[in-house]
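Enquirer: Just so you know, my numbering puts 144 at position 74 of the sequence shown, and the rest follows in order with no gaps.
Even glycine gets a Cβ: it sits at the ideal position worked out from N, Cα and C.
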Amino acid sequence: MNVKDYVEKNSEKYNSLLKTFTEIPSWTGGEQKREEFCINYLKELGYTDVTTDEAGNVICGHRIKPGKANIAFMAHLDTVFDESTDYTVKVRDNMLFAPGIGDNSVNAVSLLNLAEYVIKNDFEPEIIKDNETINNKRF
71 MNVKDYVEKN SEKYNSLLKT FTEIPSWTGG EQKREEFCIN YLKELGYTDV TTDEAGNVIC
131 GHRIKPGKAN IAFMAHLDTV FDESTDYTVK VRDNMLFAPG IGDNSVNAVS LLNLAEYVIK
191 NDFEPEIIKD NETINNKRF
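#1: Considering only the beta carbon of each residue, do Pro195 and Tyr157 sit closer than 8 Å?
#2: Alpha helix (DSSP H) containing Ile94: first to last residue?
#3: If Val77 sits next to Cys108, beta carbons under 8 Å apart, how far is it from one beta carbon to the other, in whole angstroms?
#4: Enumerate in chain order the residues of its own chain whose CB-to-CB distance from Ile171 is below 8 Å, with the five nearest sequence positions on each side excluded.
#5: Would you say His132 and Asp123 are within 8 Å of each other, going by their C-beta atoms?
#6: For Ala178, count neighbouring Cβ atoms within 10 angstroms of its own Cβ and tell me buried if that reaches 16, exposed if not.
#7: Along the chain, where does the beta strand (DSSP E) containing Ile129 start, and where does it finish?
#8: Taking the alpha carbon of Leu147 as the point to measure from, which residue in Asp163, Ile141, Asp173, Gly137 has its own alpha carbon closest?
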């Protein structure tokens with residue numbers, strides 16, 4: 071299944087995950103609950119190489135090729151809102167609204183969604199270095 075079809079097929083699940091993730095309070099210095107959520111989510115998907123570093127960044131390795139070009143995706147887990155903020159997601163006109171949903175919940179959840187796509191579809195990324203190949207590739 072290509073990425074576009076996967077996203078369309080799983081949009082309700084994605085929105086539900088976005089709502090759940092956004093409602094986990096995560097101010098700067100207080101990201102631990104989101105870190106735990108990400109670690110558990112990735113492990114439930116089947117990833118085995120999931121850790122955090124000393125700064126609390128969640129790191130999930132998959133098919134790492136030492137000495138070769140590898141791909142890294144990153145998103146921060148904290149928001150600018152403190153622990154007293156109401157993080158409840160509200161739905162209006164089929165759109166989700168909440169403190170921190172655009173910065174950076176949507177990006178972090180997109181990476182969780184990508185991680186799910188990769189493992190469920192046995193996706194092997196390839197590094198493309200020339201424009202002709204990129205222009206002829208159908209993602």
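Expert: From the atom records:
#1: Here residue 195 refers to the residue found at position 125 of the sequence shown. Here residue 157 refers to the residue found at position 87 of the sequence shown. Cβ atoms of Pro195 and Tyr157: not closer than 8 Å.
#2: Your numbering for residue 94 matches position 24 in the sequence shown. Here Ile94 belongs to no alpha helix (DSSP H), and DSSP marks it neither H nor E.
#3: Counted from its first residue, the sequence shown places residue 77 at position 7. Counted from its first residue, the sequence shown places residue 108 at position 38. About 20 Å separates the two Cβ atoms, so there is no contact after all.
#4: Working through the sequence shown from its first residue, we reach residue 171 at position 101. Leu88, Thr92, Val159, listed in sequence order.
#5: Against the sequence shown, residue 132 aligns to sequence position 62. Against the sequence shown, residue 123 aligns to sequence position 53. Contact flag unset, no.
#6: As a first step, residue 178 must be located in the sequence shown, where it is residue number 108. That one is buried.
#7: Sequence index remark: in the sequence shown, residue 129 carries index 59 (1-based). Ile129 -> beta strand (DSSP E) spans 128 to 131.
#8: The count along the sequence shown starts at 1 and reaches residue 147 at position 77. Of Asp163, Ile141, Asp173, Gly137, the residue nearest in Cα terms is Asp173.
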